[in-house]
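A short worksheet on the structure shown next.
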Amino acid sequence: MIDLELERFVYFADLFGIAIFSITGVLAARGKQIDLFGVMVLALATSLGGGTLRDLALNAHPLIWIADPLLLWAAIGAALLTFGYCRFWVLPRRALLVLDAAGLALFAIAGAEKAMALGFSPLIAVIMGISTGCAGGVIRDVLTGRIPGILQQDEFYATCALIGASFYVLLHGHLDANLLALSAMTLIFVIRLLAIYSGFRLPVFVVA
Amino acid sequence: MIDLELERFVYFADLFGIAIFSITGVLAARGKQIDLFGVMVLALATSLGGGTLRDLALNAHPLIWIADPLLLWAAIGAALLTFGYCRFWVLPRRALLVLDAAGLALFAIAGAEKAMALGFSPLIAVIMGISTGCAGGVIRDVLTGRIPGILQQDEFYATCALIGASFYVLLHGHLDANLLALSAMTLIFVIRLLAIYSGFRLPVFVVA
Amino acid sequence: MIDLELERFVYFADLFGIAIFSITGVLAARGKQIDLFGVMVLALATSLGGGTLRDLALNAHPLIWIADPLLLWAAIGAALLTFGYCRFWVLPRRALLVLDAAGLALFAIAGAEKAMALGFSPLIAVIMGISTGCAGGVIRDVLTGRIPGILQQDEFYATCALIGASFYVLLHGHLDANLLALSAMTLIFVIRLLAIYSGFRLPVFVVA
């Protein structure tokens, strides 16, 4: 893994992140009477939404999935497989949470790295990491009529992306690039899983 | 019609599509206690949303309605006329569905053609056709607090755009350009109407 | 105030508008069980959303908050202060409405001025004024699961931006630039407050 150049590493992070978020998009359709194509739309919006918003904000054209159709096929393929799989087998409820944690980790660091590579400041890189990681899920939740998970109390979610992206940005240039990216992703994934299993929460907004 | 250049043909498709989607935006305000200006906002977001997202994604600036204010006036005029009309006369409920089908047909092919003309791949052209056709309606539904129609079982909607845009892209260059565009639009419109009247549906996402 | 160049004037309008909308984003989280970070996300989306959409539509890169991180810190700082304040003291319900009116006034004119300065037509400048002023609030409402205020009957809201931005655009070049901007902002703020306190409304969309 260390032998890969960072660019390829980030590419694979985007690719896997897209496939994983596509699956979560399909799973969000459960019990909503959504048809095959609606599921595809939801999967594509969830998996490509974060990167699209990031690239629009950074004026980084062409958008990643326009520049490289393989990313598009990854999203479509993952959605079709999940659609088929779920007709016959049950996915444990926890699967969605764990996959989502992995997608968050991959996208947050890919987003931060892209902003750094384009010469934006560390602050912007952290913001881009958080929004790339979270935007897809927000779009998914708005489209299916939920209040976005990241706005709810029981989700220590975006904070994981904040911690991981800050860690990445602060140590950037001081560690081997691939090792750093991998560590930051692992950090996000582990914190997120700990938060899920321990029920850890941030203080809620309370009015006097 | 055959004498028009394709560019003008697509321009008129955009123009009529915008006016039609503007009307559907107004009609979506029924029974929601929305005031005149709120109705205008809804009409503009519905009619200009699809083309705006397409142009942003393709980095095709200026946006169509910025480049040509006539499109803006078409949206505003259609909305005002509908607002006034509906105070005195009843529009049959079916009218919204039929208009929406026409708008979908016009926008899907205009979107696909624009992507082709800018040199994007057929796959991207199909995706742009679908999103140009559907995005306005999604925005309209999210703003009025509904789950978007394209995500619901009883809508064989985006699939019509998929079929028509694929037909257009596959035969591109093999037929007279205007004839092809017109055929693809008719195809979408007819399939969509058949789906409405026959109640045809895609398989729903079911969990084992 | 007259001594400031217009550019700086608009800059301060953006800065104060962002801080104010950030506060309204935090206040919208009341009673929703949203945690600290969710509140931050809501505050940032509300305060930066309008300017981001405007800059994307006008292809004016880099986005204002990317070009100048101080705007980002203004949003973050205002949100944190409000979060802390509200744990101990009560903000009167009217405060949200008055702050929102001030933010609308600042953003609408900053948006119209930016479009004029970039050479767009008066019509586009008015549209940009309205959307810069209103988009943040729409995003805030969609994210917290409400039908956007601007689509509801009891809000004479976007119309204030329409009036103020039109006033600004029509008199542009005929008055001292700073004086005009200040007058247009005051106009919006006053009309909006009058509308709130008098209960003035536009005719509602009624079906025959």
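Residue numbers (our numbering), protein chains in the order written: chain S, 55 to 262; chain H, 55 to 262; chain X, 55 to 262.
Just so you know, even glycine gets a beta-carbon here, dropped at the ideal spot from N, CA and C.
Computed from a predicted model, the values in this text were never measured in an experiment.
- Counting only the Cα atoms, V180 of chain H lies some 19 Å from L102 of chain H.
- Beyond the five residues adjoining it in sequence on each side, A73 of chain S comes within less than 6 Å, by CB distance, of A128, A132 in the same chain, given in chain order.
- For V144 of chain H, no alpha helix (DSSP H) encloses it, and the DSSP letter there is neither H nor E.
- Look at the beta carbons and you see the segment 59-79 of chain X not touching the segment 62-72 of chain S: under three pairs across the two are nearer than 8 Å.
- At a beta-carbon threshold of 7 Å, the residues of chain H lying near T213 of chain X are F91, ordered along the chain.
- Among the residues of the segment 154-180 of chain S, those with a Cβ less than 8 Å away from any Cβ of chain X are F174, S175, L177, I178, in the order of the chain.
- Among the residues facing chain S, L205 of chain H is included, as its CB has a counterpart in that chain under 8 Å away.
- Rounded to the nearest whole angstrom, the CA to CA distance from L96 of chain X to G190 of chain S is 16 Å.
- When CB distances to chain S are screened at a threshold of 8 Å, the residues of the segment 184-203 of chain X falling below it are V196, L197, T198, G199, in chain order.
- Listed along the chain, the chain S residues whose CB falls inside 7 Å of the CB of V95 of chain X are I204, L205, A212.
- Look at H115 of chain S: its C-beta is under 8 Å from a C-beta on chain H.
- Distances from the alpha-carbon of L177 of chain X to those of X:S220, X:A249, X:A155 put X:S220 closest.
- The alpha-carbon of L110 of chain H is positioned some 10 Å away from that of D109 of chain S.
- Comparing C-alpha distances from L81 of chain S to each of S:T100, S:P116, S:F63 shows the shortest one belongs to S:T100.
- Just so you know, the alpha carbons of D89 of chain S and Y211 of chain X end up roughly 38 Å apart.
- By the C-beta density criterion, V144 of chain X is exposed, having fewer than 16 other C-beta atoms within 10 angstroms.
- Taking 8 Å as the CB threshold, T106 of chain X lines the interface with chain S.
- Chain-ordered, the chain X residues with CB closer than 9 Å to the CB of L126 of chain H read L177, I178, I181.
- In this structure, I120 of chain S sits away from M239 of chain S, with a CB-CB distance that is not shorter than 8 Å.
- Shown here, P202 of chain S sits in coil according to DSSP, grouped into three states, outside any helix or strand.
- With distances taken between CA atoms, I184 of chain H lies nearest to H:G157 out of H:L172, H:G157, H:T198, H:R194.
- With a cutoff of 8 Å on beta-carbon distance, R194 of chain S and G85 of chain S are scored as not near each other.
- Proximity of chain H to L248 of chain X at the Cβ level (cut-off 9 Å) is not reached, the minimal Cβ distance being about 16 Å.
- Residue state for L117 of chain H is assigned as coil, using DSSP reduced to three classes.
- Assignment of alpha helix (DSSP H) within the segment 162-222 of chain X, counting only whole runs of 4 or more residues, yields 176-197 in chain order.
- Assignment of A83 of chain X by DSSP, reduced to helix, strand and coil, places it in the coil class.
- Taking the Cα positions, N232 of chain S is about 16 Å away from A169 of chain S.
- Taking CB atoms only, A111 of chain S has a neighbour in chain X less than 8 Å away.
- Around the CB of R141 of chain H, fewer than 16 other CB atoms lie within 10 Å, so the residue is classed as exposed.
- In this structure, A159 of chain X keeps its C-beta atom at 8 Å or more from the C-beta atom of I217 of chain X.
- Think of a sphere of 9 Å around the beta carbon of I77 of chain S: no beta carbon from chain H falls inside it, the nearest being about 13 Å out.
- In the three-state reduction of the DSSP assignment, L112 of chain S falls in the coil class.
- With distances taken between CA atoms, V64 of chain H lies nearest to H:A171 out of H:A155, H:A83, H:A171, H:L107.
- Secondary structure at L69 of chain H: helix, using DSSP grouped into helix, strand and coil.
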